[in-house]
Amino acid sequence: PRIENHEIFPQRVNAHFVKVNSPDDFTMITWERGSGITLACGTGACACCVAAVLTERCGRKVTAHLPGGDLQIEWSQKDNCVYMTGPAVEVFNGEYRV
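In case it helps, our numbering puts the sequence shown at residues 604 to 701.
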């Protein structure tokens, strides 16, 4: 919580901690403000891919290993878009009556 609530982040902050395993593979853990450590963060994985490319630590196609499962991330040179592919599963089904 120290980084989330640091004075330089008046609205708090999310943080991603990344270990680059190889040019096409990294492991990450996400701390989300108000939630703590989460199982996954797709936008964070995309941002980490871009950061790894810009700092010459990874290529444009990587596998991101997160506690909730793996994601395939590609920062396309063709259209400059970042694409994420991974599993989607239903974790809850409910009904709310008004």
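Yeah, the Cβ is synthetic: ideal placement off N, Cα and C, and Gly gets one too.
Nearest neighbour of residue i, chosen from the options [CA to CA]
i: V621; options: L669, Y686, E659 and R615; result: L669
i: V623; options: E698, A655 and A650; result: A655
i: D628; options: C652, H609, C644 and F612; result: C652
i: N683; options: E693, P613 and L657; result: L657
Boundaries (first-last residue) of the beta strand (DSSP E) holding residue i
i: V685; result: V685 to T688
Beta-carbon proximity list for residue i, same chain, < 7 Å, skipping 5 on both sides
i: R636; result: E607, R615, V616 and N617
Beta-carbon contacts of residue i that lie in its chain and below 8 Å, excluding the five residues immediately before and after
i: G647; result: N617, H619, M631 and T633
i: S584; result: Residue 584 cannot be examined here, being either before or after the span of the chain that is shown, 604 to 701.
i: H609; result: V616
Cβ neighbours of residue i in the same chain (closer than 6 Å, five flanking residues each side left out)
i: G662; result: P626 and D627
Per DSSP, the bridge partner or partners of residue i
i: H619; result: T633
Discussion item. So within the segment 624-700, which uninterrupted alpha helix (DSSP H) runs reach at least 4 residues, ignoring any that extend past its ends?
Written reply: 645-657
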